[in-house]
Amino acid sequence: MRALSTAARHEAIRALRNRTVRIAAALVAALLVAAFLLEAARHTGEARQRAAFQELVHRQWVDQPDRHPHRAAHYGTFAFRAPSPLGFFDPGLESFAGTSIFLEPHQRNALGFSEAAQSSELARFGTPSAAFVLQVLLPLLIFCMTFASVAGERESGTWRLAVSQGVDARVLLAGKVLGTLLAVALWLAPLLALAIAGALLTGVLDASRDTTLRAAALAGGYAVYLTACTALGVLVSSFHRRAQGALLTLLGLWVALWIVVPRLATQAASRLHPTPSRAQVELDLARAIRDVGDSHDPSNPHFQELRRHTLAEHGASRVEDLPVNYGGVVMREGEKVTTAVFNDYYTRLFEAHRAQDALALRAGLFTPLLAIRSFSMGVAGTDAHHLVDFEEQAEAYRYAFIQHLNHLHITRIHWHNDKAQRVDRAEWTEFAPFQHRKAPAAWALSRVAPAGLAVLAWAAALSLAVARFTRRHGEAS
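Put into structure tokens, the structure is as follows:
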């Protein structure tokens, strides 16, 4: 144990004294601080703006004059997505997704995505987040710290000297991994502590149990990820006799595994599990709704059957004799039918998106970046699962909202001279504004468990590889 701590301390000092490493670390630190500040400002501004807009649209809804319920339904309202508390750390898909959904009858609207959502990591260098710095740039810094950890000592002869004096090579390499992690922790911990303290003091971050759980999971995930990166750097260095060769190999691996493979995985997922364009979605839904029946077409067979059933239920021979407004009954049934079509279609669409995510995660077997990126977005609450959860909340609110208006149509509006009638504006106050409920941490963690296991597998495999090949390289030195 003493030999291990000595080796770790020696490696940490070596890394921190290296002038090139200090310069690179300063640049990464500056970028990390800038990313925190920029994203925190954006996050705070958007949170306030969306809360204000949600209040505004509700006030506009309540301030409507006396109006026919169906006209009020088409006036509609909006559901605004509240930013995730940890979105300032990892904005994930929040940077590319829409912020609100318009809620109206006969139609399920969705959040939109820009083309940037499908872009590579290189396209995001313009506005890097703290998560991007830790996921992509910090591994490069770690490679700069570890490329000479073994190869450099081989060149100087200190590695052979240490092994010849009876020091176990496995202890030396384990010490180098731990020492590098210690150096990274000594550099990174103060920055993260200041960022978290600042976020708490300024109100960007709350100290709720859910947020604390998510933050702890993120810290653990990134610790495992950086362990994997460090083990990879030391392992590659142990295979080379010259530091220059180790550096070139690590740079090549960084380009391949952190830039090229993620891009190829994204393209492969899009090709193997294609999703329709917005125009195609609208066309498909229009066809599906036409097949099940249009509530505005009284000759439609489905609504002819509804007419017969409603008349029989109330013992009437004409719709004019019904104790309820048959027009409202038709609107209620039409909303029920079209909503079933929307839900079925969007369920299949979300399955296609999940298939893309699953394929990208399987590609995480070839690069730890995809695994940690999925894990980080999921825990931060900025992945596709959280966006779909918001859409489903908005759709559930929309359906209840429209059906309540249809109920007013049925019970408060008479069949005769239907369109000229109104309901009192006091009815609009019965509608509570939409509130985006945040998904609990346990729900998020259950969905990112495969990604978390993939990160853990990378760290375990690389650590085992270091231990497996150490003795042979120690003897060959």
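For the sequence shown, this note's numbering assigns the number 0 to the initial residue and increments by one for each residue that follows. All C-beta atoms in this analysis are idealised placements derived from N, C-alpha and C, irrespective of residue type, glycine included. Predicted model only: the values in this text are computed from it and were never measured.
Where residue i falls: helix, strand or coil (DSSP)
i, result
"V422", "strand"
"A96", "strand"
"L231", "helix"
"L463", "helix"
"L3", "helix"
"V323", "coil"
"T248", "helix"
"E203", "According to the sequence displayed, residue 203 carries Val and not Glu. Coil at V203, not helix or strand."
"A456", "helix"
"H385", "helix"
"K335", "helix"
"S118", "With a pLDDT of only 44 at S118, under the threshold of 50, the placement of this residue in the model should not be trusted; the figure read from the coordinates follows. DSSP places S118 in coil when its eight states are reduced to three."
"T366", "coil"
"W257", "helix"
"V149", "coil"
"H272", "coil"
"W477", "What the structure shows of the chain is the stretch from 0 to 476, and residue 477 is not part of that stretch, so it cannot be assessed."
"R361", "helix"
"D343", "helix"
"R317", "coil"
"R353", "helix"
"S375", "helix"
"A81", "coil"
"W60", "helix"
"A214", "helix"
"F238", "coil"
"S113", "Note on S113: pLDDT 47, under 50, position unreliable in the model; the coordinate value appears next. Coil at S113, not helix or strand."
"H435", "coil"
"N17", "coil"
"N405", "helix"
"G380", "coil"
"V135", "helix"
"V166", "coil"
"D89", "coil"
"P127", "coil"
"F400", "helix"
"S178", "For the record, residue 178 in the displayed sequence is Gly; it is not Ser. Residue state, collapsed to three classes: helix."
"G292", "coil"
"F142", "helix"
"G219", "helix"
"G451", "helix"
"R8", "helix"
Bridge-paired residues (DSSP) for residue i
i, result
"R66", "V422"
"E103", "Q106"
"T76", "L102"
Contact under 8 Å by Cβ, residue i with residue j
i, j, result
"V328", "T309", "yes"
"V340", "L284", "yes"
"L461", "A230", "yes"
"H413", "P68", "no"
"A458", "T145", "no"
"H352", "T410", "no"
"V203", "H42", "yes"
"I288", "T337", "yes"
"R331", "Q402", "yes"
"A431", "A78", "no"
CB-CB length for residue i against residue j, believed under 8 Å
i, j, result
"E38", "P90", "6 Å"
"L85", "G380", "6 Å"
"A129", "A34", "5 Å"
"V132", "L172", "Rounded, the Cβ-Cβ distance is 27 Å, inconsistent with contact."
"E426", "I100", "E426 to I100, Cβ: 23 Å. No contact."
"W257", "L368", "5 Å"
"A2", "V166", "6 Å"
"V447", "G377", "3 Å"
"F87", "A198", "7 Å"
Contact with chain D by residue i, beta-carbon distance below 8 Å
i, result
"G326", "Going by chain labels, chain D is absent from the structure shown, which holds only one protein chain."
- Item | Touching by the beta-carbon criterion (3+ pairs, under 8 Å), the region 262-276 and the region 346-364 | yes
- Item | Touch test, the region 208-224 against the region 40-49, Cβ-Cβ under 8 Å, three pairs minimum | no
- Can we say the region 149-161 touches the region 241-249, given the rule of at least three CB pairs closer than 8 Å? yes
- Query: Three or more beta-carbon pairs under 8 Å between the region 54-62 and the region 362-377, yes or no?
  - Reply: no
- Item | contact_flag[the region 0-15, the region 174-187] where n(CB pairs < 8 Å) is 3 or more | yes
- Message: Check whether the region 183-197 and the region 411-426 are in contact - that is, three or more C-beta pairs closer than 8 Å.
- Response: no
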